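Numbering (my numbering), first residue to last: 3 to 648. Glycine residues also receive a C-beta, built at the ideal position from the N, C-alpha and C atoms. The structure presented is a predicted model; accordingly, all values stated were derived computationally and were not measured.
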């Protein structure tokens, strides 16, 4: 490798590959090493950059264009990334690089993955915690005399119109017999309905002992939806009074569950002060980054069960890691063990086709990973969308990276629930389409606002409930924050239309009906990232404008405008921020040119936010390229979980 010059690092910085922090960190590592090493400088700068881009580690064998990203494609540097073998030898000679288990700033494992120490520690502790729970499977017959098959059949009756195994029943069986369970599924597959019945099942199996259970999600918005969905599902079940009293009545955010501390990355609960829980259920697990998931697992007693709910095909977390994708092996289908399949047949009535003779348990597949994934269950049947509906077919085509198939569905005249619009073509321009969508989407909402203002607004559920429901029927989703196709521009354009129609007060920034979304947690005010509120006059404050947010008791809390944490207007929101939400109608807008953020997962997530209709505004070549691009997060978690351990 040629000598790495300061100007080379600055060229990478100017191209957007490195930040100032990455450059300073790399030079700091070289000073600590007390020996010049261009290989160390480049590796340290890249591993710092990659963690900022959502990765956990640097893979020394990755091609240059992946390591440097789009910003490095046009760079013509004399210094290139060395080969993995030479790079490894140079790093092993550095005093600041150690092997797993050593206390060094950088950790290099046997698979040529280089970590910042804290990220290696997060991954290692998370993998150990999951593997320990996977090893603690209980006997299906050891449930204190309870008839487990009868309980499962009562909770999950046979589906005569479905030839597939009853995967909801199998998920409940898995949760009852294992300490760690992942239930993944697309929209409408009944994840929260299934987990509500699992709570009933586990409470029955534990009776008369009362289970200590926590329901949690990464955002306040997702926690509220989990709480509401589980409560609705539990109402359909016949409970013993004592068992009902042991069930959780409220969901919370992960940060609040762990005990967030002001201006500190540490939580009140950790390995030395564990949560007093028997079971924790985490919804929207795809949004949980690796450091947070690792801290959660460390803060739980070794005997506590963990159930993760989520859609493995959705966007990964904004922060580093893609835990749900690693757990589900990024969507690869790996079979369950033969012994587990026999248990599913005996206890759940499932029937599996045997195409070959059973392999010995623990047999490795071609990638060196253990085949059985007995704690990972994929729900396959959608109860919301008929398989021939446009949204169902379109989301499946995008999920399977069938871009041309997705375009054929969008152009077909027989799917009224999915529509396509090229912003640069057709009889109507973008502004005309936007005007029509806003008028149709938010017209009823502002009728509700005017109706409320004519009466006496109160904080009761009956008064504000319909208004919040109306606000949740339509949303503009964008891929970007900045630029003409970003949410900032779209929110300004929407407000311009509303003022032009006389729907809002044109003379004020704040007006009755303005919707906002919180972007930073404030534990003192109990407002969390993703919480949505509506600005209205408060009759208890001389009709001064306040922002009302729903609370867990069915009422609404009013907050002064000046006390709100970081927030923004939310007629339009990013697809990332929309995770955990659903809307009747979605207007998905992509930029007019390709960008790294445009991926299959982003398109899939945007489409599946819609319950009834979705309109996609994009150029065809941008849409096709987006569907063909997958999010890839570098980490060693999948190998740590699925490789054979000695």
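- Residue state for residue 252 is assigned as coil, using DSSP reduced to three classes.
- Excluding its 5 nearest sequence neighbours in each direction, residue 620 has C-beta neighbours in its own chain below 6 Å: 592, listed in chain order.
- Under the 10 Å beta carbon count, residue 22 is surrounded by fewer than 16 other beta carbons and is classified as exposed.
- The criterion of a C-beta distance shorter than 7 Å is satisfied by residue 39 and residue 96.
- Taking C-beta atoms as the reference points, residue 329 and residue 302 fail to come closer than 7 Å.
- At least 7 Å separates the beta-carbon of residue 325 from that of residue 309.
- Residue 530 carries a coil assignment under DSSP once its states are collapsed to helix, strand and coil.
- Less than 7 Å divides the Cβ of residue 127 from the Cβ of residue 300.
- About 6 Å separates the CB atoms of residue 316 and residue 603; that is less than 8 Å, so the two are in contact.
- Residue pairing by DSSP places residue 540 opposite 546 in a beta bridge.
- Listed in chain order, the non-local C-beta contacts of residue 585 below 8 Å within the same chain comprise 474, 475, 476, 477, 611, 612, 613, local neighbours out to five positions each way being set aside.
- According to the DSSP assignment, residue 607 belongs to the alpha helix (DSSP H) that extends over 602-609.
- For residue 44, the three-state secondary structure derived from DSSP is helix.
- Residue range 489-502 is occupied by the alpha helix (DSSP H) that includes residue 489, with no beta strand (DSSP E) assigned at that position.
- Judged by their CB atoms, residue 58 and residue 121 are nearer to each other than the 7 Å cut-off.
- The Cβ-Cβ distance between residue 296 and residue 117 does not fall below 7 Å.
- Secondary structure at residue 158: coil, using DSSP grouped into helix, strand and coil.
- Of the residues assessed, residue 538 falls on the buried side of the cut-off, its CB having 16 or more other CB atoms within 10 angstroms.
- The beta-bridge partner set that DSSP reports for residue 183 consists of 309.
- Within its own chain, the residues whose Cβ lies closer than 8 Å to the Cβ of residue 305, once the five positions on either side in sequence are excluded, are 138, 181, 280, listed in chain order.
- Residue pairing by DSSP places residue 480 opposite 576, 591 in a beta bridge.
- The alpha-carbon of residue 199 is positioned some 41 Å away from that of residue 563.
- Taking a C-beta distance under 7 Å as the contact criterion, residue 286 and residue 218 do not qualify as a contact pair.
- When DSSP reads this structure, residue 322 sits in no beta bridge, so it has no partner.
- Counting along the chain, residue 411 sits inside the alpha helix (DSSP H) bounded by residues 405-413.
- Residue pairing by DSSP places residue 422 opposite 618 in a beta bridge.
- Around the beta carbon of residue 202, a 10 Å sphere encloses 16 or more other beta carbons of the protein chains shown; the residue is thus reported as buried.
- For residue 298, same chain residues with a beta-carbon under 7 Å away, outside a window of 5 residues either side, are 256, 260 in chain order.
- Checking the DSSP bridge columns, you'll see residue 281 partnered with 215, 307.
- Counting along the chain, the unbroken beta strand (DSSP E) around residue 560 starts and ends at 558-562.
- Within the same chain, 461, 466, 550, 552 come within 6 Å of residue 558 by CB-CB distance, once the 5 residues on both sides are set aside.
- Residues of the same chain with a CB within less than 8 Å of the CB of residue 632, apart from the 5 flanking positions on each side, are 403, 601, 602, 603 in chain order.
- In the DSSP assignment, residue 221 falls outside any alpha helix (DSSP H) and carries neither an H nor an E.
- When the Cα atoms are used, residue 177 and residue 100 turn out to be separated by approximately 39 Å.
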